[in-house]
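Take the sequence shown: its position 732, counting from 1, is numbered 731 in numbering that gives the first Met the number 0, and each next residue is one higher. Report on the following structure.
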Amino acid sequence: MKTMDAELLHSPVVGLTEEEEADMSDWNLPLAFMKKRHLEKIEGSRALAQSWRMKDRMKTVSVALVLCLNVGVDPPDVVKTSPCARLECWIDPLSMSPQKALETIGANLQKQYENWQPRARYKQSLDPTVDEVKKLCTSLRRNAKEERVLFHYNGHGVPRPTVNGEIWVFNKVAAINPNHPLAQMPLPPSMKNCIQLAACEASELLPMNPDLPADLFTSCLTTPIKIALRWFCMQKSAKLVPGVTLDLIEKIPGRLNDRRTPLGELNWIFTAITDTIAWNVLPRDLFQKLFRQDLLVASLFRNFLLAERIMRSYNCTPVSSPRLPPTYMHAMWQAWDLAVDICLSQLPTIIEEGTAFRHSPFFAEQLTAFQVWLTMGVENRNPPEQLPIVLQVLLSQVHRLRALDLLGRFLDLGPWAVSLALSVGIFPYVLKLLQSSARELRPLLVFIWAKILAVDSSCQADLVKDNGHKYFLSVLADPYMPAEHRTMAVFILAVIVNNYNTGQEACLQGNLISICLEQLSDPHPLLRQWVAICLGRIWQNFDSARWCGVRDSAHEKLYSLLSDPIPEVRCAAVFALGTFVGNSAERTDHSTTIDHNVAMMLAQLINDGSPVVRKELVVALSHLVVQYESNFCTVALQFMEEEKNYAAPSPGNTTEPGNLTPVRDGPTLPRLRPVNSYTNIRAATTARNLNKSLQNLNLNEEGGPVTFSPGNLSASSSASSTLGSPDNDEYLLSFETIDKMRRVSSYSSLNSLIGVSFNSVYTQIWRVLLHLAADPFPEVSDLAMKVLNSIAYKATMNARPQKILDSGSLTQSAPASPTSKGTLIHQAGASHGANRCLSRCSGSPPIPGVSSSSLTNEVPKPPTREAPPSRPPYTPTLGNQAPPHSHQFSRTRKMFDKGPDQMAEDGDEATAHRNFISVALQTGLCDWSAKYFAQPVMKVRIFINRNPGVPSVVKFHPFNPCIAVADKDSICFWDWEKGERLDYFYNGNPRYTRITAMEYLNGHDCSLLLTATDDGALRIWKNFADQRNPEMVTAWQGLSDMLPTTRGLARRVSIYLDRSKQGGAGMVVDWEQETGLLMTSGDVRVIRIWDTEREMKVQDIPTGADSCVTSLSCDPQRSLVVAGLGDGSVRVYDRRMAPNECRVMTYREHGAWVVKAHVQRETNGEIVSVSVNGDVRFFEARTPDSVNVLQTVKGLTALDIHPQANLFACGSMNQFIAVYNSNGDVISNIKYYDGFMGQRIGAISCLAFHPYWPHLAVGSNDYYMSIYSAEKRLR
């Protein structure tokens, strides 16, 4: 609804002066050449260094549990208190025999670790000797290979470690043996890079409080929730939670891995909080190593943060290597204390009385905090500390929709936000969600994945591996999905198939090509653009996809986009057709003909007005040049010969410096003539079409050719990289030479080649490239120069080998005879490429009787003139000698494959040259287009959420950010700024009735809410939306003799379909805050007015009609009451007059049910009414006929008129909202929930404007409640 801004300029909300309005009208003038393609360089975003993906992900496969307890004997160097901490793994060792205690403690310790890593291999070593420990360590290390081994050591039964850091074990007779400290054992190299966790500093003693376990550090690491609750109860603050004891917390119900239970929810919250603390405090690389590389290590370090907090309270400082910054004072621990407090406060009633467990508000509150961070702006601020919590919330179905929405809004802030989310570990969560079948998640997941892939395209492999591409194929193929979502889906698929053969194969099997072809004519330009790019990428270097496209006539369907009104779409179509002909697989005659047709269709874009299209055209034609290089080499030599003749009429003339062109050695060599045909065209229809395309091609600009001198584009030419050979910085063909070629080709014998022969296609494309090389846009001409010089270089190199032969010893051999296929070459061997094309295209085997010398004899010698002293001669390097490819070489279109006797240096040079042509020529169009998805694309959204029931009535609070939404018998209150649900309570109306109207009373002070139901009852509530139980202030029967009906959305639709049906409108009301009067009516024949001060009826106004009242509106200044009725009439009453005389006007212009009647509360304010037929009529109270009539959409189910701005909004049964101004102009159409994040809205059940702000609330029968804003943001 952002286009509603113009209407607001004239509203009291904005109140611009005339001068400001004039300034705004200037701003509304259209701007020329100010699109992104004009203002930005056509290139992709700079790739961010992605450190989120763990290169060396590890796993702890073995765990050694070494316990040196010596139960019953205290170590000599530690004096223990009495009583003292005794519990080891929550077992009292003195409660059983020493050996049994040792075994029980070992078994318990293993169970505690198995909660965190059940698949590891555990080995217990109880009171071991040195040899046993050595053997254990060596065995586990060897079996673990490159994975991790956890070594857990408890030395509570042996002396403290020595000053050298040596720890103690036992000798064979179970006595303490100080002569064999374990630390003296040589450690394998792989163990030296280890992670260490220890309970305290060397100078500290463990706490001996008898309420704590002796192995407090182990308890924190392996049973964090249990020890955290115990420690919480030992704090002074726990006294605020009555009835909770240490014994009671042992009975807390639930399981750690079940988030629906109290114990599971606490564990879930604990995981979220410790992850959040670590992510906010630790350096990113250390966080990745400790919290994302290994599941067991991550669990232990999360629990280590708790150990630091608890043990520091007893003057112990846990230590770690690598050392962590202090975290025990982090503010998130207060959130943990609150969550524990809320949970424990319920324990007595849950255990003793069996009451239901109320879930913690922790995650909802953290999402709100995250939302506030998003709302307040992000410039120069630290990242939101709640980001790791958002990940945890994705595990919950209750909060998942809201979490994905907020996550999408965060990712929309830019690539830095995407990188931050990936570093925190978002990837596996959103990858797993692609397995969900919930339709409401589709728009959110498509948006999020588009953001991720726009920043990091390497995720393509993960998506294909998990079959995630099928999710986006289904979105793209869904005709009910908005175009915005399908655009993002096809962008994702375009990334999946980009230079990734596995992705191409998977998407080809998923019918991506046919799905894309169906959407080429979609009215959404961005979708058309990306469908074309996706097609171009799936068949790029993938012949199976190309043939699939041929079978579906994909190239012909793409032709329509070549004349698209949007230049970016034309670019994408050229790109797709370019990769279509650029496939390096072997061609049949049929496919070659297709290539030629595509080329001639592309050539028609030679004079396209957009340089980005012409640049892409050069690249597309370069693909064709690479595929048919030998043919273009022949054409290049012909053009160079013609240009030489044009420049030098006699053989003795020399060309001017800088224009290197082939010249004839003498009259003995015949002049090159065009090759008329290389093979037969099989399909006559194809030949006629091709001929027509050639004849329709106009290569000459109006006004004649443009002459260029070498200096005109010196900046462009100097900026260009290597053009001919990859190792040479000079042009083989200068701008002046190319310009001469253009002018020569316009009247030379080449002009007679327009026909159906294959050579004519290559000639015409060469002329197109000559034309583009003289393009006024430097980047276009530079690209074309590269292509032309590459072919000229190759053509001269094919001719060059004759220089190494003695020309006097050559015999004049006769040309090869025509093949059995009837292929005729007028001048055999125009180049080696021509001979190779002869052998390949005619289908005949190589001719064994033709020698290498006879082939080279028919090739003209390269130029022999000298270059000026200031410029070194053009000498491409191909080794000491460059023998030609022999006729024994197996023929393909790959001109640069090595021959059987060719030197390696020659082949490497040629391969590099081929890559130079095909890879270096790129426009960056696709990467530049992808930047759209990496940058913010969302509209400003005010609010969207799922209501508990189908909204039937909605009402804004006039001054607070609160909205009341009524369904059949309950009211829900939302804070639309924070996106929170404040309250939801039962209205108390009988089962067979429904709420049909609501009003806020005393909105400027202590607000009350009035509800009206279709049985005529009125109820007024207080204490709503403020965390207290709502209380009923009063209730009374506002109207008697009401007939309860089921009128609602379905009833309105039926009335629209059959106007003869007249049914119940329920109860309608209008409130006058100024007078305290309440107007009521509905399925009765009176309008009853109540005085709320005296709580009594003050007036009954007869309607004078036999149908129900559907809408009421009053004007206290003029004492007018306007009623819309079910029979289509609009009636005006003056309540100052007697009941029989108070009806002052009746308008009968509507032919159907009146949805809304509204009187403007101002002097001479008009009456506006709308019927279900969509006709809007404006009346003046003193005139009998309407003064204006507008027609909107039919089938209206809801309508509201803004009391301040000149706007009204219509909701339709056809699932859309239209917003109009008072002139009837459509200001906005809303068909989807806001922006890219929304899905198609349901049938509209209710809507309402804010009384002062330009906000529109919309409820639909799919339970969703959304608010749109047109607030003008003046800067």
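C-beta atoms are modelled at their ideal positions from N, C-alpha and C, and glycine is treated no differently. Please read these numbers as outputs of a predicted model, since none were measured by experiment.
By a C-beta neighbour count over all protein chains shown, 10 Å radius and 16 as the cutoff for buried, is residue i buried or exposed?
i               : result
glutamate 700   : Legend: pLDDT at glutamate 700 = 36, less than 50; position of this residue unreliable, no value from coordinates given.
valine 530      : buried
alanine 174     : Per-residue confidence for alanine 174 stands at a pLDDT of 39, beneath the threshold of 50, marking its modelled position as unreliable; the derived number appears in the next sentence. Alanine 174 is exposed by the Cβ-count criterion.
histidine 1157  : buried
valine 397      : exposed
isoleucine 1266 : buried
glutamate 87    : buried
threonine 995   : buried
arginine 766    : buried
threonine 78    : Checking the sequence, you will find valine at residue 78 rather than threonine. With fewer than 16 Cβ atoms within 10 Å of its Cβ, valine 78 is classed as exposed.
tryptophan 415  : exposed
leucine 245     : exposed
Can you tell me where the beta strand (DSSP E) holding residue i begins and where it ends?
i                  : result
valine 1169        : 1166 to 1170
glycine 1123       : 1119 to 1124
valine 65          : 59 to 66
arginine 1087      : 1085 to 1090
histidine 484      : Unbroken run through histidine 484 is the alpha helix (DSSP H), 482 to 495; no beta strand (DSSP E).
tryptophan 1275    : Absent from the structure is residue 1275, since the part of the chain shown begins at 0 and ends at 1274.
methionine 1041    : Looking at the DSSP string, methionine 1041 is not in any beta strand (DSSP E), and its letter there is neither H nor E.
phenylalanine 1275 : The requested residue 1275 is not part of the displayed model; the chain covers only 0 to 1274.
phenylalanine 972  : 969 to 974
asparagine 944     : 942 to 945
cysteine 83        : Run containing cysteine 83: none; DSSP gives neither H nor E here.
Can you check whether the CB of residue j is closer than 8 Å to the CB of residue i?
i              : j              : result
alanine 482    : aspartate 521  : yes
threonine 578  : glycine 535    : yes
leucine 410    : alanine 402    : no
cysteine 1113  : glycine 1081   : no
cysteine 533   : valine 489     : yes
leucine 400    : valine 389     : no
leucine 604    : valine 573     : yes
proline 92     : isoleucine 104 : yes
alanine 1280   : leucine 1017   : Because the chain is modelled from 0 through 1274, residue 1280 falls outside the range shown and cannot be assessed.
isoleucine 514 : leucine 472    : yes
histidine 151  : valine 60      : no
Three-state secondary structure (DSSP) at residue i?
i                  : result
lysine 614         : helix
cysteine 1209      : strand
aspartate 130      : helix
histidine 595      : helix
arginine 147       : strand
alanine 1197       : strand
asparagine 1222    : coil
phenylalanine 1177 : strand
serine 713         : In this prediction, serine 713 has a pLDDT of 28, which is less than 50 and means its spatial position is unreliable; what the coordinates show is noted afterwards. Helix.
tyrosine 1262      : coil
leucine 1008       : strand
histidine 1249     : coil
Hey, quick one: how far does the alpha helix (DSSP H) through residue i stretch, first residue to last?
i              : result
glycine 407    : 399 to 410
proline 97     : 97 to 113
asparagine 263 : Correcting the residue type first, residue 263 is glycine in the shown sequence and not asparagine. First-last of the alpha helix (DSSP H) with glycine 263: 261 to 280.
threonine 374  : 361 to 374
methionine 310 : 294 to 311
cysteine 515   : 511 to 516
If residue i sits next to residue j, beta carbons under 8 Å apart, how far is it from one beta carbon to the other, in whole angstroms?
i                  : j              : result
isoleucine 970     : asparagine 986 : 6 Å
phenylalanine 1275 : proline 382    : Nothing in the structure corresponds to residue 1275, since the chain is present only between 0 and 1274.
Is the Cβ of residue i closer than 8 Å to any Cβ of chain D?
i          : result
valine 597 : In the displayed structure, chain D is absent; only one protein chain is listed.
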